[in-house]
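**Student:** Numbering (the UniProt record's numbering), first residue to last: 1 to 250.
Ideal Cβ placement from N, Cα and C applies to all residues, glycine included.
1. Got a sec: does the ligand MN put a non-hydrogen atom nearer than 7 Å to the Cβ of residue 187?
2. Across which residues does DSSP place residue 105 in a beta bridge pair?
3. So who's on the other strand from residue 53, going by DSSP bridges?
4. For residue 175, list the residues DSSP reports as bridge partners.
5. Within the continuous alpha helix (DSSP H) that includes residue 248, where are the two ends?
6. Indicate whether residue 94 and residue 28 have their beta-carbon atoms separated by less than 8 Å.
7. Which ranges does the beta strand (DSSP E) cover as unbroken runs of at least 3 residues, wholly within the stretch 94 to 140, from first to last along the chain?
8. Run through DSSP, which three-state label would residue 155 get?
9. Beta-carbon separation of residue 208 and residue 234 under 8 Å?
10. Is there contact between the stretch 119 to 131 and the stretch 71 to 87, where contact requires at least three CB pairs shorter than 8 Å?
11. Quick check: the Cα distance between residue 166 and residue 174, rounded to an integer number of angstroms?
12. When burial is assigned at 16 or more other CB atoms within 10 Å of the CB, is residue 179 buried or exposed?
13. Answer yes or no: does any C-beta atom of chain C fall closer than 8 Å to that of residue 117?
14. When DSSP labels each residue in this structure, what does residue 230 get in the three-state scheme?
15. When we look at the beta-carbon of residue 96 and count the other beta-carbons within 10 Å, is it buried (16 or more) or exposed?
16. Below 8 Å on the Cβ atoms is my guess for residue 183 versus residue 161; work out the distance and round it to an integer in Å.
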């Protein structure tokens, strides 16, 4: 008698009790039209709630057009609408306040959190090793990269770096191959007003070395052995004039 098919897993009842992820709001924000994003940014920049008429005046748009944008932003959860009693007859105007996260504030908050974490690592060589270890563990907990054709043993450093470009691009580094190095033109952990802590860069180095090994671009490390030593590694040189650099070194 054939085995009965396994019953589907029961849904996690706690999932409905959790708040929605902030990142879903940030992702939805990227899908907004340019005009709708302008309305949202103006509401976010204001220290007081604004009416549709005030927004229309500042944006030089028709009142009805702004109302349509605001209705859509309310529906998407980016702003809320409320009323303030005026003591006069008639329906009071709606006041709009932003509820969506500002990406700059979110990133700055996470940079502060990361700095607080890495400062507990201490200083010197031991702190560097802890940061590299955290990066390797991060890679272990991350989904495996998409399968790719293995490179021949004779592959050049440039070929091996090119194989890492998709991973670097997905992480937000805007990589550009330049001979036997990759120039990282952007960083997901930097803002216009602050740079990441050097140990955060070391965490990224540990992560990328582990990803490179998982892809077969670096020799495997014996269990329990240090990641560096006399083995080739992917070295990161952060915050240079044209960006951060990554290259293979012996």
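**Tutor:** Well, looking at it:
1. As for the ligand MN, it is missing from this structure, which has no ligand bound.
2. Paired residues: none, contrary to the question.
3. BP columns for residue 53 are empty, so no partner.
4. Per the DSSP secondary-structure output, residue 175 pairs in a beta bridge with 184.
5. Counting along the chain, residue 248 falls outside any alpha helix (DSSP H), though it belongs to the beta strand (DSSP E) covering 243 to 249.
6. Residue 94 places its beta carbon 8 Å or farther from that of residue 28.
7. Counting only runs of 3 or more, we get 94 to 98.
8. Look at residue 155 here: in three-state DSSP terms it is coil, with no helix or strand label.
9. Pairing residue 208 with residue 234 gives a Cβ-Cβ distance under 8 Å.
10. The stretch 119 to 131 makes no contact with the stretch 71 to 87, as fewer than three CB pairs between them are under 8 Å.
11. Answer to the nearest angstrom: the Cα atoms are 10 Å apart.
12. Counting the other CB atoms within 10 Å of its CB gives residue 179 a total below 16, which places it among the exposed residues.
13. Of the chains in the structure shown, none is chain C; there is only one protein chain.
14. Residue confidence is low: residue 230 scores 48 on pLDDT, short of 50, so the model does not pin down where it sits. Its coordinate-derived value is still stated next. Three-state DSSP puts residue 230 in coil, outside helix and strand.
15. Classification of residue 96: buried, given that the 10 Å Cβ count is 16 or more.
16. At roughly 10 Å, the Cβ-Cβ gap does not stay under 8 Å, so residue 183 and residue 161 are not in contact.
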